[in-house]
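Residues in the sequence shown are numbered consecutively from 108, following our numbering. Beta carbons: idealized from backbone N, C-alpha and C, even for Gly. Comments concern the structure below.
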Amino acid sequence: MSLIAQWCETNGVELPKKQGRCCDNKSGSSSDCDRAVVYLLPQKLENASRDEQRAAAGELRLLANRNSDNRVCIAEAGVMPLLVEFLSSPDPRTQEHAVAALLNLSINESNKGSIVDAGIYP
108 MSLIAQWCET NGVELPKKQG RCCDNKSGSS SDCDRAVVYL LPQKLENASR
158 DEQRAAAGEL RLLANRNSDN RVCIAEAGVM PLLVEFLSSP DPRTQEHAVA
208 ALLNLSINES NKGSIVDAGI YP
């Protein structure tokens, strides 16, 4: 048992339940819940307030960092061009999230071409 789990047990804090993976490697399909989250974030990047855009970019950063399945799902959602646009955002935190998300997404070999195609290099 991890130190955090022991602390939670001692202090009566319930650990969050593990969520399903974004994509199932065997079938190539995504769970509805995770796919819904991934597909809502691009809409927030396009149509929300600056604070919501920053939060959405941050969430994409975290999801892309979590596992390779998320990286595939995020790329399928078509967010590369949106993240590239945020590299020139007036908000430095949004820029940071965009850079880190693109870096995390680039870990997946097939995403590298998508990032270049999105116009990251002028």
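In the three-state scheme derived from DSSP, where H, G and I count as helix and E and B as strand, Y146 is classed as helix. Note on N218: 16 or more other CB atoms within 10 angstroms of its CB, so buried under the neighbour-count rule.
For N218, the uninterrupted alpha helix (DSSP H) segment begins and ends at E216 to D224. The residues P188 and V191, in chain order, have a CB closer than 8 Å to that of G226 in the same chain once the five nearest residues on each side in sequence are set aside. Just measuring C-alpha positions, the residue of W114, I111, P149 and V206 sitting nearest E183 is P149.
At the C-beta level, A207 and R168 come within 7 Å of one another.
Around the Cβ of L210, a 10 Å sphere holds fewer than 16 other Cβ atoms; the residue is exposed. Judged by DSSP in its simplified three-state form, S156 adopts coil rather than helix or strand. For E121, the secondary structure class from DSSP, reduced to helix, strand or coil, is coil. Of the candidates P199, G185, I214 and L110, the residue whose Cα lies closest to the Cα of G165 is P199. For H204, the closest of D224, N174 and E159 by C-alpha to C-alpha distance is E159. Closest in C-alpha terms to L147, from the list E121, G185 and Q113, comes G185. For V179, the enclosing alpha helix (DSSP H) starts and ends at S175 to E183.
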